[in-house]
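Please read the structure below before turning to the comments.
2 protein chains.
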Amino acid sequence: MGISYLYLHPVMSNKYHQIDARELHKFTTDVFLAMGLSQSDAVLASDVLNSADLRGIDSHGVARLSGYVRLWKAKRIKADANPTIIHETHTTATMDGDEGLGLTNAAKAMDIAIEKARVHGSGWVAIQNSNHFGIAAFHAMKALEHNMIGMSLTNASPLVSPTFSKERLLGTNPICYAIPAGERDPVVIDMATSAAANGKLQIAERKGEEIPTGWLQDNEGKNTNDPKGLKGGGSLLTLGSTKEMGSHKGYGLSAFVDIFCGVLSGANYGPWVPPFVSFLPLAPDMPGKGIGHFVGAIRVDGFRPLEEFNKNMDQWIDRFKSSETIEGQEEVIIPGEPEKRQEAIRRKEGIPVIDKVYDDLRDVAKDLGVEFNL
Amino acid sequence: MGISYLYLHPVMSNKYHQIDARELHKFTTDVFLAMGLSQSDAVLASDVLNSADLRGIDSHGVARLSGYVRLWKAKRIKADANPTIIHETHTTATMDGDEGLGLTNAAKAMDIAIEKARVHGSGWVAIQNSNHFGIAAFHAMKALEHNMIGMSLTNASPLVSPTFSKERLLGTNPICYAIPAGERDPVVIDMATSAAANGKLQIAERKGEEIPTGWLQDNEGKNTNDPKGLKGGGSLLTLGSTKEMGSHKGYGLSAFVDIFCGVLSGANYGPWVPPFVSFLPLAPDMPGKGIGHFVGAIRVDGFRPLEEFNKNMDQWIDRFKSSETIEGQEEVIIPGEPEKRQEAIRRKEGIPVIDKVYDDLRDVAKDLGVEFNL
């Protein structure tokens, strides 16, 4: 569901540039080409970023571009990566991402999972030696056009503490399921397993606001309402926030993601997952290779005729959508609905890029000798 | 992780009978036989209940026995059910549970998933036309001895509202993953997708205590601290509790479980899932058959050599276990650890059965003409 679930208009500043999605896509493609990606990889990586911006997940779109560039400059991302399958059964595989962009690695792994599912009913690919893969939903949603359910997971830089711990041992480790429907839009569940993602802290900090109790603990493990607490050595809390409210469940989910993405693939896990920011050093004695992802696809008609499934999915959606709301709320939201709405708006009206990101893009363009006319 | 995560000694009363697990198993087997189950089904169903009692998940063990009996008497559970596979690919299948006990249906489906995984790397079985399947962990953990990761999901009687809704549209819909390790114990994540399970409300009610904010809303959708609020027409809240804290994520997870178990299998879903209690009527116009489950198994060596995985899993566990705790906490818990400890204690010391349940068992025995000497 992502950030847009809470912020249907997630622009965080009134100083922004409204940029056509296709213009933005062309620009990011040019940047990736300048980094040395192949034409097809540059387009694919741009597809992933563009999808985030269109869906309103501003933290995972073009705002990250300069971060990828810095990681490439720090030689932590390889532009001409050649991902390969290093282990395989009919329905499982492990990909070595060759230090490439997670954006492209995960998308390619998903194609393999889909092909395995086409032949055998389901397909699952773990990816090691990769990097930040963008929004989870892009990869999982690739399954939809094949009438399959898609799944995508990734581990991430450690910022989150398990219940009772004050150490950062987990990433925001998202879980995504994309489920097709009949006449209705697909149900797309895309969620960090922390109570709140880092991006929300940044929004609060920029606005000078406090954050709600239950998002963050300080470096002593005490709850803090100061969004700068994370920079001060604190850690994000898992979904559930406190033991009493079920934070051990969020921890369990995050552990599941870390184990599938890190341990099963041969990537790093826990506190050893490489940081996204290039200025932070890598952890010593890393047990695996890079960041890990896990993607999968499963045929709907592996279980029942597609038409029957579609009919029931439409009924599921209609029943939840028409559910009686609590006071003050206009509608019950179907997972994926806010992003779908946002995409319709932004395809038409363009993508709002805040000044800070806009300036960042101009700097990247200048640095890499890419034309900038956004 | 279940209830025992919070209540390491989950006995809710100081009036109880300490009963040897094998004695309890023999008794439940006799009851299931008296209902007309085959010898092997009666033993298997007892295995599932016994596993819950041993692991400290008191709400899902022998305490439920009379509930199953009542459902059988109400002709909602068939004792001589003959579950069959009605749809299949190499790695997927749908089972019609023939109105049998979920306890046995899910366990049998898991065997099929494991066999598919043995041949093709992974196996997934959706089950329709079933009933309450006991603790999720029993089914998922069957994969462990095969060096596979196991997964089990079930939908359940609607008691939970989606974010912004005041209607009961979801069950506590648990998610379970069982992941093997090397020298260490397996990691077993077994969690309801609601903030708290119904059992915790019952404990609070019995003690005359208030429940924490964030567990329950009344029939107007306002938070209530009265554990009797559920009986008064209220509904449990999803993991995350409030929108600000991420209840839409708990809703998303619960929706995923409901769709996999209900829509994919051809069982009922949402508000149409049959109630566990026999005195509540079935919903009109049910779109599917019975309750649904979803189980799966995936070979660890479908991704990397087992020894490498085991070594890294042990390191994962050791690192999390040795994590620095927040003040007032002695240790960071590995998912599944409390249940494992509880099992070691209870195998030796017996299972504490509270008076209310003990009396219930005696009534069941009398009713069915089963010997009662617990």
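Sequence lines, in order, name chains C and V.
Start counting the first sequence at 1; every next residue gets the next number (my numbering).
Start counting the second sequence at 375; every next residue gets the next number (my numbering).
Yeah, the Cβ is synthetic: ideal placement off N, Cα and C, and Gly gets one too.
Source: prediction; values computed, not measured.
For residue i, the nearest candidate out of the options (CA to CA)
i	options	result
ALA197 of chain C	C:PRO186, C:GLU209, C:ARG184 and C:SER235	C:SER235
GLY270 of chain C	C:HIS139, C:SER161 and C:GLY233	C:SER161
ILE211 of chain C	C:ALA192, C:ASP96, C:LEU237 and C:THR193	C:LEU237
GLY666 of chain V	V:GLU681, V:PHE630, V:ARG580 and V:THR403	V:PHE630
LEU477 of chain V	V:TYR442, V:LYS663, V:PRO709 and V:GLU717	V:TYR442
LYS490 of chain V	V:GLY670, V:ASP692 and V:ASP688	V:GLY670
VAL651 of chain V	V:VAL422, V:ASN505, V:THR403 and V:HIS391	V:ASN505
GLY524 of chain V	V:GLU462, V:ILE728, V:PHE668 and V:GLU704	V:PHE668
ASP632 of chain V	V:LEU544, V:ALA578 and V:GLU711	V:LEU544
VAL48 of chain C	C:GLY121, C:THR29, C:GLU23 and C:GLY134	C:GLY134
GLN315 of chain C	V:ASP659, V:GLY620, V:VAL738 and V:ASP734	V:ASP659
PHE694 of chain V	C:ARG299, C:GLU167, C:PRO335 and C:ARG70	C:GLU167
GLY435 of chain V	V:ILE393, V:LYS447 and V:LYS605	V:ILE393
PRO709 of chain V	C:SER254, C:ASN155, C:GLN202 and C:GLY214	C:SER254
SER414 of chain V	V:ALA448, V:GLU681 and V:ASN456	V:ASN456
HIS513 of chain V	V:THR528, V:GLN502 and V:ASN503	V:THR528
TRP446 of chain V	V:HIS461, V:GLY410 and V:ALA481	V:GLY410
THR458 of chain V	V:LYS740, V:SER496, V:ALA480 and V:ALA448	V:ALA480
DSSP state of residue i mapped onto helix, strand, coil
i	result
VAL443 of chain V	helix
ILE377 of chain V	Because ILE377 of chain V carries a pLDDT of 36, less than 50, the predicted location of this residue cannot be relied on, and the following value inherits that uncertainty. In the structure shown, ILE377 of chain V sits in a helix (DSSP, three-state: H, G or I).
GLY666 of chain V	strand
THR84 of chain C	strand
PRO10 of chain C	Caution applies to PRO10 of chain C, whose pLDDT of 49 falls short of 50 and renders its modelled position unreliable; the value that the coordinates give is listed next. Coil.
THR537 of chain V	coil
ALA552 of chain V	strand
ASN505 of chain V	coil
ASN219 of chain C	coil
ARG766 of chain V	Missing from the structure shown is residue 766 of chain V; chain V here goes from 375 to 748 and no further.
LEU610 of chain V	strand
GLY435 of chain V	coil
MET191 of chain C	strand
THR325 of chain C	strand
PRO352 of chain C	strand
GLY545 of chain V	coil
GLY588 of chain V	coil
GLY36 of chain C	coil
Spatial neighbours of residue i in its chain, beta-carbon cut-off 6 Å, leaving aside the 5 residues before and after
i	result
ASP218 of chain C	THR224, GLY229 and GLY234
LYS243 of chain C	THR163
SER136 of chain C	The displayed chain sequence assigns Ala, not Ser, to residue 136 of chain C. Answer for ALA136 of chain C: SER152, PRO174, CYS176 and ASP190, listed in chain order.
ALA192 of chain C	THR172 and PRO174
HIS25 of chain C	SER46 and ASN50
ASP600 of chain V	none
GLY240 of chain C	GLY246, SER247, LYS249 and GLY250
TYR379 of chain V	A caution first: TYR379 of chain V carries a pLDDT of 39, below 50, which makes its placement in the model too unreliable to give a value.
Close Cβ partners of residue i (< 7 Å) along its chain, the five nearest in sequence each way excluded
i	result
LYS78 of chain C	ASP98, GLU99 and GLY100
ASP301 of chain C	ASN147
ALA408 of chain V	LEU742, GLY743 and VAL744
LEU282 of chain C	PRO274
GLY595 of chain V	LYS540
GLU579 of chain V	PRO601 and LYS602
Run of the beta strand (DSSP E) containing residue i, from where it starts to where it stops
i	result
ALA93 of chain C	92–96
LEU638 of chain V	No beta strand (DSSP E) holds LEU638 of chain V; DSSP gives it neither H nor E.
THR154 of chain C	148–154
ILE393 of chain V	390–393
Range of the contiguous alpha helix (DSSP H) that encloses residue i
i	result
ILE345 of chain C	337–349
TYR358 of chain C	355–368
GLY768 of chain V	Because residue 768 of chain V is not part of the residues shown, which for chain V are 375 to 748, the question remains open.
GLY199 of chain C	198–207
GLN39 of chain C	39–55
ILE486 of chain V	476–494
ALA453 of chain V	Element bounds for ALA453 of chain V: n/a, residue is neither H nor E.
PHE138 of chain C	136–141
Own chain, CB closer than 8 Å to residue i, minus 5 neighbours either side, in chain order
i	result
SER412 of chain V	ASP454
ALA21 of chain C	ASN50, ASP53, LEU54, ARG346, ARG347, GLY350 and ILE351
MET313 of chain C	ILE179, PRO180, ALA181, GLY182, ARG184 and VAL187
LEU65 of chain C	THR28, VAL31, LEU49, ASP360, LEU361 and VAL364
LEU8 of chain C	Unreliable placement is indicated for LEU8 of chain C, whose pLDDT of 40 sits below 50; the coordinate value is still reported in the next sentence. Result list for LEU8 of chain C: GLY56, PRO338, ARG341 and GLN342, in chain order.
Interface flag, residue i vs chain A, CB-CB below 8 Å
i	result
ILE633 of chain V	This model lacks chain A altogether, as its protein chains are C and V.
When the Cβ atoms of the region 616–628 of chain V are set against those of the region 422–436 of chain V, are three or more pairs found closer than 8 Å?
no
Between the region 182–202 of chain C and the region 41–51 of chain C, do at least 3 Cβ pairs fall closer than 8 Å?
no
The region 84–97 of chain C contacting the region 662–678 of chain V, beta-carbon criterion three pairs below 8 Å
yes
Determine, using beta-carbon pairs with one atom in the region 640–658 of chain V and one in the region 478–494 of chain V, whether at least three such pairs fall under 8 Å.
no
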